[in-house]
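Accompanying notes for the structure given below.
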Amino acid sequence: MFKASLRDPKLLKHSIDAISNMVDEVGINVTAEGMTMRAMDPAHVALVDFELKRSAFDEYEVGEAIVLGIDLDRLNTILKRAGKEDKINLEVDPEKNTLKIRLENASTRTFNLPLIEVSEEELKVPDLDFPSTVEIKSDIISEGIKDAEIVSDHVILEVDKENFYIKAKGDLGNVEVKASKEGAISFDVTQDTRSMYSLEYLKDMIKASDIADTVKISLGDNIPVKMEFLSSDVKLSFLLAPRIESE
Amino acid sequence: MFKASLRDPKLLKHSIDAISNMVDEVGINVTAEGMTMRAMDPAHVALVDFELKRSAFDEYEVGEAIVLGIDLDRLNTILKRAGKEDKINLEVDPEKNTLKIRLENASTRTFNLPLIEVSEEELKVPDLDFPSTVEIKSDIISEGIKDAEIVSDHVILEVDKENFYIKAKGDLGNVEVKASKEGAISFDVTQDTRSMYSLEYLKDMIKASDIADTVKISLGDNIPVKMEFLSSDVKLSFLLAPRIESE
Amino acid sequence: MFKASLRDPKLLKHSIDAISNMVDEVGINVTAEGMTMRAMDPAHVALVDFELKRSAFDEYEVGEAIVLGIDLDRLNTILKRAGKEDKINLEVDPEKNTLKIRLENASTRTFNLPLIEVSEEELKVPDLDFPSTVEIKSDIISEGIKDAEIVSDHVILEVDKENFYIKAKGDLGNVEVKASKEGAISFDVTQDTRSMYSLEYLKDMIKASDIADTVKISLGDNIPVKMEFLSSDVKLSFLLAPRIESE
């Protein structure tokens, strides 16, 4: 049994929009604490960790913890139909084996999303030791990634004692975005670090900047980057493997 | 002789936008009461009935009643150039056999639309007996049709004693939009009815929701649906033949 | 040495957007008076004359006058990334032979545009004697050109003692945009004139209407038209060769 009513539609809408290009099918865990999902893209380059907390919901009833097998593309198509003022209700229909998504406003619009089989093995999040963590406004990363896209398809994330950098280089010239320690929400850097990442993944990930004002970025040398979009009700965190910098 | 000046450009603009995908060429009747047009799409699936009343015009002069042969695609292309604040003037040039469409604002922009030959036989609107008629906000039908499009290319319109429904079913899951009797402007249902229609036509028809706040929907079992977008100055009504529901 | 900081990003942004489709590579002259550029399109149909005055800049330092060889497409791609509130800083890096474009806001975003070799021969602006000059609101020309595009790919610019006209004729009908002497900012017509021009060029040129409220149009019979978008800080002027009117 699962029945829930979401206060702010954009939390689910923009999170699924950020994830659905990377991951096709996923098991969403529903427990008394909220909804969580952890998934890897097919190429094993990115790991997504998503939590929509119970506090995000106006109503929330769940019996035993369950796993909902979801086709994220289909879910994304449905959630794109939700208006800003629509209340989103979720309910599992165990007989039809569907997730009912009900958008309530002047009318009641119900979408029945068929649940699918998914493997239930738990993905482990690798235990990484990040020498540096900075928290900045999420639109800095979002605009910076779009800047980098005009010259390249990969990007270097770098940090030193004073600044966090997004750097890209291509035939068109090079781009450097600099966010200073002074402008950061938090800035905890123990050593200079630098790694290269694929923009293909990053440009999906930055769609999550709509759900949180700030992003926490954890970095090291040639190790994955962790980007956490955090607000009181939702946590969307990505771990992205580095590329080898050939130059 | 025909010369007229339209107060609100959007009435003509959005009506022609809703009609022009369905009907290529049409005869618009111009009489002392206003402009009317009745047309059928080439596949004989949809019938359009349009009236722009004399009251919609600031100035309106017509001699003998005339029929203007219009290529609706061309007219639509011209009307899309009209801004919200532009005053639309219409005038027949009998010598050049054109309809002069003059948009007045800071400049005067005149488009000369060549008139074409059209058959003048009057289309009869079939006399249908609808067991149910509901009037609802036009954005409910407009959003509901867009919802249905994500799963199917046809849709079921249904009504019972309590609700009006838009239903669609496809591989992606199914969609049900429900508008309750309580939320309706009027709700006159003598029996439960259900018919299936093509979304291809409906998605053009709902463009008319910009000209009227409400839509009157008349329904029966496996008979055409009538959708009337009504305001004090304009009446745009569609009759759409049902599809055979195979399931 | 060149270092400057631009107050209003849109002056440079929209000017380059208007020019970059016509001209690929250009030498921008930087002197104590400001930045100027003069260029011809490869087909020698249009000549562009651009000046961004020193007064447009908050800071402006230049040593000897220099010429910056610029790939306008690349510069345009970079300037499109500038937000309305971004401060644009320009600086030549003589070692790397690049123009550094720095967008300052919450973060500092630096784009390094490689400078290219360009011929430094000065283009002469032909000395034309225009019998008529009118100055009108720039959105009249901008909307009028878009009106003409729906019927043709060339346009006639015409002026008589009372009005300035944009005329186009095609299979779809014809279009005439009329701006009266009364509505003009200035209207200096010594004789009726008429010439035909290519819309392909005009539709790029009208992008400049975002930098100036008015445009000064100088005309004659079958001679080039001059369009000057003028504001206190910027001057963007186009000279466009006529087409032969076959009719």
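Chains as they are written, first to last, in our numbering: chain A, 22 to 268; chain B, 22 to 268; chain C, 22 to 268. Where is the CB? At the ideal position from N, CA and C, for every residue including glycine.
Under DSSP, M226/A shares a beta bridge with no residue. DSSP lists Y81/C, L111/C as the bridge partner or partners of A25/C.
Proximity of I91/A to chain B, defined by a Cβ-Cβ separation below 8 angstroms, is not satisfied.
Using a Cβ-Cβ distance cut-off of 8 angstroms, the stretch 105 to 112 of chain B and the stretch 169 to 185 of chain C are not in contact, since fewer than three pairs of beta carbons, one from each stretch, lie closer than that value. Using a Cβ-Cβ cut-off of 8 angstroms, F23/C does not count as an interface residue toward chain A, since no Cβ of chain A sits closer than that to its own.
Taking all protein chains in view, the Cβ of L149/A is surrounded by fewer than 16 other Cβ atoms within 10 Å, so the residue is classified as exposed.
Around the beta carbon of S36/A, 16 or more other beta carbons sit within 10 angstroms, so the residue counts as buried.
Nearest to E112/A by alpha-carbon distance, out of S140/A, Y81/A, R95/A, is Y81/A.
Note that the C-beta distance between I162/C and A205/C is not below 8 angstroms.
Taking 8 angstroms as the upper bound on Cβ-Cβ separation, chain A lies near residues L134, P135 of the stretch 134 to 149 of chain C. Nearest to R95/C by C-alpha distance, out of M61/C, F132/C, V69/C, is F132/C.
With a beta-carbon spacing of about 18 angstroms, G90/A and E72/A fall beyond the 8 angstroms limit used to define contacts. Taking T154/C as reference, the option from L240/C, K188/C, K117/C with the minimal CA-CA separation is L240/C. If you draw a straight line from the Cα of K247/A to the Cα of L33/A, it comes to about 20 angstroms.
If the five residues before and after D38/A are omitted, its C-beta is found closer than 7 angstroms to the C-beta atoms of N97, K228, all from its own chain and listed in chain order. L193, G194, N195, V196, E197, V198, K199, A200: these are the residues of the stretch 183 to 202 of chain B whose beta carbon lies less than 7 angstroms from some beta carbon of chain A, given in chain order. Chain order gives no chain C residues near S26/B, where near means a beta carbon separation below 7 angstroms; the closest approach is about 17 angstroms. Taking a Cβ-Cβ cut-off of 7 angstroms, the neighbours of I161/C in chain B comprise A127, S128, given in sequence order. Of L93/C, I87/C, T57/C, F259/C, the smallest CA-CA separation from F23/C is found for I87/C. Going by beta carbons, V51/A and R59/A fall outside the 8 angstroms limit.
Under the Cβ criterion of 8 angstroms, I177/B is not counted among the residues facing chain A. For S159/C, the enclosing alpha helix (DSSP H) stretches over residues 159 to 170. When the five nearest sequence neighbours on each side are left out, the beta carbons in the same chain lying within less than 6 angstroms of the beta carbon of A189/B are those of A169, V172, S173, V176, V196, in order along the chain. For F250/A, the pairing in a beta bridge is given by DSSP as V236/A, L257/A. Setting aside the 5 residues that flank it on each side, T119/A is surrounded in the same chain by V113, N133, L134, P135, L136, each with a C-beta closer than 8 angstroms to its C-beta; the list follows chain order.
Of the residues F151/B, V255/B, D254/B, the one whose Cα lies closest to the Cα of D213/B is F151/B.
Counting along the chain, no beta strand (DSSP E) covers D94/C; the unbroken alpha helix (DSSP H) around it starts and ends at 93 to 100. Scanning its chain for C-beta atoms nearer than 6 angstroms, with the 5 sequence neighbours on each side dropped, one finds around L223/A the residues I166, in chain order.
By the rule that beta-carbons nearer than 8 angstroms mark a contact, I99/B touches chain C. Secondary structure of P135/A (DSSP, three-state): strand.
The Cβ-Cβ distance between D242/C and S216/C falls below 8 angstroms. With respect to the C-alpha of E143/A, the residue from L260/A, T57/A, D231/A, L261/A having the closest C-alpha is T57/A.
Contact of T154/B with chain C is not assigned, every C-beta pair being separated by 8 angstroms or more. A Cβ of chain A is located within less than 8 angstroms of the beta carbon of K158/B. Separation of D160/B and D254/B (C-alpha to C-alpha, rounded to the nearest whole angstrom) is 19 angstroms. DSSP lists H175/A as the beta-bridge partner residues of S219/A.
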